[in-house]
Amino acid sequence: MNTPLNSVPESSVGSQAVEPAVVSETRPLYWSIRRELWENRSIYIALLAAAGVYLVGYTISLFWVPRSMREIVPPHSTPPLIELAMPYAHAGMLIAATAFLVGIFYSLDALHGERRDRSILFWKSLPVSDLTTVLAKASVPLVILPVLVFVIAVLLQIVMWLESGAVLLLTGASTAMPWAPPVFEMQLVLLYSLVVMALWHAPLYMWMLLVSGWPRRATFLWAVFPPLALAAIEYIAFHTTYLATMLYSRLLGFDALAFDLVDKNGVPVDAHFIPLAQLAPGRFLSSPGLWLGLIFAAICVAGAVRLRRYQGPI
Amino acid sequence: MTVIEARGLRKAFGKTVALDGVNLNVDEGRILGLIGPNGAGKSTALNAILGLTQYQGGLKVLGRDPWNERDQLMCDVCFIADVAVLPRWMRVSQSLDYVAGVHPRFDRAKAEGFLAKTDIKRGSKIRELSKGMVTQLHLALVMAIDAKLLVLDEPTLGLDILYRKQFYDSLLNDYFDRTRTIIVTTHQVEDVQHVLTDLMFINRGRIVLDCTMEDFDSRFLEVTVHPDHVAAARALKPIHERQVIGRSVLLFDHVDRQQLAPLGDVRKPSISDLFVAMLGDGPGDKGGAVQGATR
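Heads up: the protein sequence lines correspond to chains A and B, in order.
Our numbering puts the first residue of the first sequence at 2, with every later residue one more than the last.
Our numbering puts the first residue of the second sequence at 49, with every later residue one more than the last.
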């Protein structure tokens with residue numbers, strides 16, 4: 002019987018040794034993040050779509066601006082800052098809310114999708130550690146989405162600013178009076194808010210990421226049902242709502258910590274325009290809720306790394 | 049150099065024992081066929097070797113512990129677990145970019161060269177390719193990696209005979225050299241008969257045959273026995289007997305060809321003949337009896 006040793010040419014292509022390229026520690030992480038963006042194009046398409054929808058609505062609304070400006074602003078007086086800031090604030094809020102939903106659904110599928118389509122066997126055939134893969138997936142809701150929200154919101158707000166200026170010029174309305182809020186200041190506050198939200202919501206995203214590595218199906222139910230069930234048990238058994246309050250606070254509780262919502266005169270600050278002076282990073286960074294949440298998030302990441310090591314295709 | 053060394057490798061899923069104390073030595077430059085029925089433990093053994101599953105016992109692959117050093121091991125080990133594992137959403141160009149990005153031993157020009165011989169377009173998504181093309185792509189990616197060990201688990205499952213032949217031809221002509229080691233599992237044993245240097249049968253988590261192909265050629269003979277000589281042939285203790293069109297076909301291990309020639313038509317059996325002889329009468333029935341067949 003012929004064995005292949007007799008038939009293999011000495012100078013086969015494969016015998017030419019390849020000089021191994023130097024791969025830095027961060028290179029697999031960089032490429033792992035790129036593959037997440039290739040695979041999950043909804044990450045940026047959804048945000049762009051939200052920005053597009055808002056821009057269409059805003060552009061149409063500009064037809065009424067000169068009239069509404071006259072209505073809300075008596076001649077030769079300054080329009081209320083909040084009225085001017087509102088469309089810009091809503092633009093940022095809409096894109097950030099879209100990113101929150103995208104982040105939740107991305108995280109719920111992060112370790113599930115690759116098991117479902119069996120591609121985990123391909124990813125694991127390459128020299129990329131489970132830690133690198135999980136960190137790449139974790140970076141999507143925690144880093145990539147906030148950065149995209151900021152860039153897209155800033156671009157949208159600049160277009161809105163130019164459009165509204167152009168409309169006022171074309172309709173002959175006076176541009177001597179303020180016709181836009183301090184957009185740059187708003188963008189700095191948006192950046193701060195995005196960092197705050199990413200840190201505050203990190204345990205939510207990482208919990209979803211952890212759960213995505215466990216069940217064979219219905220990751221949403223596995224992620225949502227147990228905490229709600231525990232809250233219900235607590236209420237039925239003890240008539241208390243500590244867990245429900247904690248869960249609610251984990252969703253929306255960051256604003257009371259990260260912003261001074263009452264100014265120095267005791268006047269409530271409108272959420273549509275929060276001046277830079279009202280930011281409270283020190284209080285936010287020193288709050289136990291933030292750090293307990295981050296510890297929980299780190300435990301979830303460690304759990305997800307471990308799960309991925311053991312899990313194969315489903 | 050020993051590429052894989054396993055001592056008492058054991059793995060159980062609940063009460064089901066998938067690997068039952070497997071001992072294994074695979075040297076550099078060998079092409080080992082790991083053949084066994086469904087559920088015999090082939091994939092579990094490969095998964096242990098690739099660091100995809102935990103195990104008990106001693107296992108070293110290229111001197112490393114696969115379970116604890118999977119990512120470092122994958123610099124020197126490649127595997128095709130099945131043709132259907134390439135992510136379907138990925139574009140061909142993205143798969144090249146990604147592997148080039150993360151693998152220090154990937155030669156992109158070589159992969160491009162392999163792909164140039166196919167009809168695969170760089171801009172196509174993998175879901176748009178035929179199953180044969182996906183295999184060609186996966187093989188092109190793997191062959192462009194300067195690895196020391198290549199593991200193929202049913203690499204040609206579901207492919208037609210042309211693609212299967214092309215797959216093994218490429219592997220031999222464009223990839224294999226005497227410093228590389230390949231392990232392949234397949235049910236299509238006739239495809240790999242002329243490719244292998246070593247043959248291993250596994251059943252119920254145990255190695256029941258371990259021999260080189262030279263040994264295989266010299267040890268086993270099959271005789272279509274003349275009806276008058278059936279009793280004499282049986283006296284030589286065949287390891288298997290079957291009936292073909294009314295005649296007895298007996299398979300012998302370690303029996304001299306000159307002894308057998310007068311009894312009927314003597315020929316070399318195929319791997320599948322031996323497989324059926326050893327394992328075909330019900331899984332595990334011959335397990336104990338053929339332990340002696342291991343070298």
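C-beta: ideal position from N, C-alpha, C; glycine also.
None of the values given here were measured: they were computed from a predicted structure.
So residue i and residue j are supposed to be a Cβ contact under 8 Å. How far apart are they, rounded?
{"i": "B:G106", "j": "B:G62", "result": "Not quite, the Cβ-Cβ distance comes to about 23 Å (not below 8 Å), so this is no contact."}
{"i": "B:S296", "j": "B:V278", "result": "5 Å"}
{"i": "A:I121", "j": "A:P314", "result": "6 Å"}
{"i": "A:L195", "j": "A:V150", "result": "6 Å"}
{"i": "B:A88", "j": "B:I319", "result": "Contact flag wrong, Cβ pair sits at about 15 Å."}
{"i": "B:V125", "j": "B:L220", "result": "Rounded, the Cβ-Cβ distance is 19 Å, inconsistent with contact."}
{"i": "A:A97", "j": "A:F274", "result": "At roughly 16 Å, the Cβ-Cβ gap does not stay under 8 Å, so A:A97 and A:F274 are not in contact."}
{"i": "B:R226", "j": "B:G111", "result": "Not confirmed; about 19 Å, so no contact."}
{"i": "B:V150", "j": "A:P29", "result": "5 Å"}
{"i": "A:P201", "j": "A:F255", "result": "The question names Pro, but residue 201 of chain A in the sequence shown is Trp. Confirmed, about 4 Å."}
{"i": "A:A203", "j": "A:L112", "result": "That pair is no contact at about 17 Å."}
Output yes if chain A places a C-beta closer than 8 Å to the C-beta of residue i; else output no.
{"i": "B:Y146", "result": "yes"}
{"i": "B:M138", "result": "yes"}
{"i": "B:A129", "result": "yes"}
{"i": "B:G89", "result": "no"}
{"i": "B:V150", "result": "yes"}
{"i": "B:V133", "result": "yes"}
{"i": "B:L327", "result": "no"}
{"i": "B:Q184", "result": "no"}
{"i": "B:M122", "result": "yes"}
{"i": "B:D113", "result": "no"}
{"i": "B:S178", "result": "no"}
{"i": "B:Q104", "result": "no"}
{"i": "B:D119", "result": "yes"}
{"i": "B:Q142", "result": "yes"}
{"i": "B:L100", "result": "yes"}
{"i": "B:A341", "result": "Because B:A341 carries a pLDDT of 45, less than 50, the predicted location of this residue cannot be relied on, and the following value inherits that uncertainty. No, because no Cβ of chain A sits closer than 8 Å to the Cβ of B:A341."}
Using a Cβ-Cβ cut-off of 8 Å, state whether residue i counts as contacting chain B.
{"i": "A:V1", "result": "Shown here, chain A extends from 2 to 315; a query on residue 1 of chain A therefore has no answer."}
{"i": "A:R36", "result": "yes"}
{"i": "A:A18", "result": "Only weak support exists for where A:A18 lies, its pLDDT of 45 falling under 50; the value from the coordinates is given anyway. A:A18 counts as touching chain B."}
{"i": "A:S130", "result": "yes"}
{"i": "A:L26", "result": "Position check: residue 26 of chain A holds Glu in this sequence, whereas Leu was assumed. No - not a single Cβ of chain B is within 8 Å of the one on A:E26."}
{"i": "A:P228", "result": "no"}
{"i": "A:E40", "result": "yes"}
{"i": "A:G294", "result": "no"}
{"i": "A:S13", "result": "Caution is warranted here: a pLDDT of 40 is assigned to A:S13, below 50, making its placement in the model unreliable, and no coordinate value can be reported."}
{"i": "A:W65", "result": "no"}
{"i": "A:T4", "result": "Residue placement at A:T4 is flagged as unreliable, the pLDDT there being 38, under the threshold of 50; the coordinate-derived value follows with that caveat. Output row for A:T4: interface = yes."}
{"i": "A:P29", "result": "yes"}
{"i": "A:G313", "result": "yes"}
Quick check on DSSP: helix, strand or coil for residue i?
{"i": "A:S12", "result": "For A:S12, the pLDDT reaches just 39, beneath the cut-off of 50, and the residue's location in the model is therefore unreliable, leaving the point undetermined."}
{"i": "B:F300", "result": "strand"}
{"i": "B:I231", "result": "strand"}
{"i": "B:N116", "result": "coil"}
{"i": "B:Q173", "result": "Reading the sequence as shown, one finds Lys at residue 173 of chain B and not Gln. If DSSP states are grouped into helix, strand and coil, B:K173 belongs with the strands."}
{"i": "B:T73", "result": "The residue asked about is misnamed: residue 73 of chain B is Asn in this sequence, not Thr. Looking at B:N73 - three-state DSSP - the assignment turns out to be strand."}
{"i": "B:N24", "result": "For residue 24 of chain B there is no data in the structure shown, the boundaries of chain B being 49 and 343."}
{"i": "B:N95", "result": "helix"}
{"i": "A:D256", "result": "helix"}
{"i": "B:C35", "result": "The shown model of chain B, from 49 to 343, leaves out residue 35 of chain B, and the question about it has no answer."}
{"i": "A:V19", "result": "Reliability fails at A:V19, whose pLDDT of 46 lies under 50, so the model's placement of it is uncertain and no value is given."}
{"i": "B:R267", "result": "helix"}
Figure out for me which residue from the options has the closest Cα to the Cα of residue i.
{"i": "A:R117", "options": "A:W215, A:F274, A:M161", "result": "A:W215"}
{"i": "A:G283", "options": "A:F151, A:Y193, A:S130, A:I83", "result": "A:Y193"}
{"i": "B:L121", "options": "B:V51, B:N71, B:L187, B:F249", "result": "B:V51"}
{"i": "B:I128", "options": "B:A159, B:V199, B:V70", "result": "B:V199"}
{"i": "B:I193", "options": "B:D167, B:H302, B:R112, B:E160", "result": "B:E160"}
{"i": "A:H48", "options": "A:E115, A:A154, A:L143", "result": "Note that residue 48 of chain A corresponds to Leu in the displayed sequence, not to His. Nearest of A:E115, A:A154, A:L143 to A:L48, Cα basis: A:A154."}
{"i": "A:V197", "options": "A:I315, A:E115, A:A245, A:L291", "result": "A:L291"}
{"i": "A:E186", "options": "A:D256, A:A97, A:Q279", "result": "A:Q279"}
{"i": "A:L38", "options": "A:K138, A:G267, A:R310", "result": "A:K138"}
{"i": "B:T183", "options": "B:T92, B:N116, B:D130", "result": "B:D130"}
{"i": "B:L284", "options": "B:Q236, B:I293, B:D304, B:H274", "result": "B:D304"}
{"i": "A:S126", "options": "B:R139, B:L257, B:D155, B:V190", "result": "B:V190"}
Find the residues of chain D that neighbour residue i, judging by a C-beta separation of less than 9 Å, and give them in chain order.
{"i": "A:G304", "result": "Absent from the structure is chain D; the protein chains it does hold are A and B."}
### Message
Using a Cβ-Cβ cutoff of 7 Å, what residues of the segment 101-126 of chain A are near chain B? List them in chain order.
### Response
Residues of the segment 101-126 of chain A with a C-beta atom less than 7 Å from some C-beta of chain B are D118, R119, S120, L122, F123, K125, S126, listed in chain order.
### Task
Identify each residue in the segment 207-238 of chain B for which the Cβ-Cβ distance to at least one residue of chain A is less than 8 Å, and report them in chain order.
L220, N221, D222, Y223, F224, D225, R226, T227, R228
### Task
Below 8 Å between beta carbons is the criterion; list the residues of the segment 205-219 of chain A that meet it against any residue of chain B, in chain order.
none
### Message
Under 8 Å, CB to CB, which of the residues in the segment 250-272 of chain B have a partner in chain A?
### Response
M261, E262, F264, D265
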